Amino acid sequence: MQRNDEIQTDLRAFLAAVEEGGEVRHVAGAHWDRELGAVTEVLYREKVDKSPLLLFDDVPGYPRGMRCLYGMLGSPLRLALGLGIDPAQSGDRRTMLDTYRRRIGRQEPIPPRIVDDGPVMQNVDSGGDVDLLKFPVPIHHEHDGGRYIGTACGVVTRDPDTGRINIGTYRVQVNGPDMATSYISNGKQGRIHRDKYLKAGKPCPMAIIVGIDPATYIAARYTLSDQVAELDWAGGLVGRPIDCIEGELTGLPFPAHSEIVLEGEVSPDETAMEGPFGEWTGYYAGDAREEPVIRIKRVYYRNDPVLTCAASQKPPHSHLFERCFIRSAGLLDSLEGAGIPDVKGVWVHQAGAGRTFVVVAIRQRYFGHANQAGLVASQVNPTGYVGRYVVVVDDDIDPTDMHDVIWAMGTRSDPKTDFTVLERNWSSRLDTMVTDEKLYNSRVVIDACIPFERIESFPRVAQTSPELAAEVRARFPDVFG
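Following the working numbering, the numbering of the sequence shown begins with 316 at its first residue and continues without gaps.
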């Protein structure tokens, strides 16, 4: 097995470790026009997070070696490798989540180390040589409005007021050889940075990592405070500074071991149509709109580069497992930071597209504890954006197990008294239930805990005790083999 630092900061070392774990499937000859996304969707719909990482090569019209990758972190094993967790712990989501949070809880952010060279500098295109379709950029879904080069990516921007560097994952469409557009939802840090430049009539510097390593990708998808830069956080995760190169045009940093990086500027006065795109909701939500044009002036890439891809579809899909895991970890951070006591577990469920169905498990300590936990969970990052349902359960319920959760809802909550509806919450035009430019939604907090006043007198659960379960497993091994 590869060392953790190699696995997390270089995609190729990570791929070697995944190959060793038996979870890479090489696919030859699939077309960039819808076939890559369709193969991935059909496979993941059948096998979900037991599906392999898909590495597409020999894409028609492109030289062998220019590859597209789907499902980078789409299984427990691959996410464990990307996070530097012992793969042996990848069989249980709660154990894996607890291990990960203990690890990052001991680590401080480590700023990147700026270097002059690295594998991503093997090829540099500028001026008239820039051609985004030099790479096998897919049409991911059948009704997408174009080819999307940025899906499993990291968009790098700098706050013009504070200088803070942000990396976020936002979709990027190819509109011409050196021209792209990106949709960034309102309230996201990259959107805030971009809008500050554009409102001042200035171009916004931007670098887009479209062949990204696991550590940077995880950081780009993690919800961090404005005080912590994603590259610093990723360095803390790895345990050492990440080697970064500053772009020739913008000075923005990007990892030296990236596969492909685009560098340019967002125009304050030029727009083009962007979308539609099959989004995380499982719909073509938001339609096509005019978005500011990104003029790409430099393209940096390795020999035989890998374009990292993430096609969202109706759940389940190829990047949903890591989305749910990362957001669950972020929610635990937020609840603890808000001072909510005795939170015993959370899970942001795949069936809710990684946003719309969230479960929090607590050990009740006082009247109102469950409602307090649910109300906070409904608003904090990373679940405050386009949330819908938050369910709070007792700590005897496994929040990752939908059977357990629905059972608790059906036996421990009363719709008249235990459902709290909240209005005018943070939403987006990607929200299928938003019908105008007022980007609010409503959501509900469901208290599915035993009423606090009845904890001692509530009916006993009809379930075999752990002791008897262990006894019968030992006595009848053939039954359970």
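Here a beta-carbon is modelled for each residue, glycine too, at the ideal position from N, C-alpha and C. In this text the structure is predicted, and so the values were computed from the model without any measurement.
{"Item": "Any beta strand (DSSP E) of 3 or more consecutive residues that is wholly inside the stretch 464 to 532", "Value": "469 to 473, 480 to 483, 486 to 491, 494 to 498, 519 to 526"}
{"Item": "Pro630 (DSSP reduced to helix, strand or coil)", "Value": "coil"}
{"Item": "For Arg536, the three-state DSSP class (helix, strand or coil)", "Value": "helix"}
{"Item": "C-alpha gap between Arg393 and Met387, whole angstroms", "Value": "7 Å"}
{"Item": "Spatial distance of Ala403 from Val661 (CA atoms)", "Value": "22 Å"}
{"Item": "Sequence ranges, alpha helix (DSSP H) only - wholly within the stretch 365 to 433, length at least 4", "Value": "391 to 398, 408 to 420"}
{"Item": "Selected residue, minimal CA-CA separation from Ile429, among Gly593, Gly562, Asp372", "Value": "Gly562"}
{"Item": "Local Cβ density within 10 Å of Phe592, reported as buried at 16 or more and exposed below that", "Value": "buried"}
{"Item": "Secondary structure of Ile641, DSSP reduced to three states", "Value": "helix"}
{"Item": "Contact between the stretch 450 to 469 and the stretch 525 to 545 (3+ Cβ pairs under 8 Å)", "Value": "yes"}
{"Item": "Contact the stretch 624 to 634 vs the stretch 356 to 374: 3+ CB pairs below 8 Å", "Value": "yes"}
{"Item": "Through-space distance from Ala535 to Arg517, alpha-carbon basis", "Value": "Correcting the residue identity first, residue 517 is Lys in this sequence and not Arg. If you take the alpha carbons of Lys517 and Ala535, they lie about 25 Å apart."}
{"Item": "CA nearest to the CA of Val445, picked from Pro583, Gly652, Val614, Val471", "Value": "Val614"}
{"Item": "Simplified DSSP assignment, three categories, for Met748", "Value": "coil"}
{"Item": "Given 8 Å, three or more beta-carbon pairs between the stretch 690 to 708 and the stretch 641 to 656", "Value": "yes"}
{"Item": "Spatial neighbours of Gly288 in its chain, beta-carbon cut-off 6 Å, leaving aside the 5 residues before and after", "Value": "This structure leaves residue 288 out entirely; the chain is present only between 316 and 796."}
{"Item": "Helix, strand or coil at Pro568 according to DSSP, with G and I counted as helix", "Value": "strand"}
{"Item": "Segment limits, beta strand (DSSP E) that includes Gly654", "Value": "That residue, Gly654, is in no beta strand (DSSP E); it is neither H nor E in DSSP."}
{"Item": "DSSP three-state assignment for Tyr700, whether helix, strand or coil", "Value": "coil"}
{"Item": "Closest by C-alpha distance to Tyr598, when choosing among Ala332, Arg421, Gly442, Met748", "Value": "Met748"}
{"Item": "DSSP beta-bridge partners of Leu646", "Value": "Bridge partners of Leu646: none, in fact."}
{"Item": "CB contact flag (Val543, Pro424, <8 Å)", "Value": "yes"}
{"Item": "Of the listed residues Val701, Gly667, Asp762, Phe682, nearest to Leu690 (C-alpha basis)", "Value": "Asp762"}
{"Item": "Cβ pair Cys383, Pro451 closer than 8 Å", "Value": "yes"}
{"Item": "DSSP beta-bridge partners of His455", "Value": "According to DSSP, His455 bridges with nothing at all."}
{"Item": "Cβ pair Ile560, Pro568 closer than 8 Å", "Value": "yes"}
{"Item": "Beta-carbon proximity check, Pro475 vs Lys449, cutoff 8 Å", "Value": "no"}
{"Item": "Local conformation of Ala676 per DSSP, three classes", "Value": "strand"}
{"Item": "Exposed unless 16 or more other CB atoms sit within 10 angstroms - verdict on Phe672", "Value": "buried"}
{"Item": "Short CB-CB distance (under 8 Å) between Glu338 and chain B", "Value": "Although the question refers to chain B, the structure presented lacks it and comprises just one protein chain."}
{"Item": "Simplified DSSP assignment, three categories, for Lys753", "Value": "coil"}
{"Item": "Validate contact between the stretch 733 to 745 and the stretch 479 to 493 using beta carbons, cut 8 Å, 3 pairs", "Value": "no"}
{"Item": "Contacting residues, own chain, Cβ-Cβ under 6 Å from Arg788 (five flanking each side not counted)", "Value": "Phe795"}
{"Item": "Reference Asn501; option with closest CA among Trp741, Ala784, Phe773", "Value": "Trp741"}
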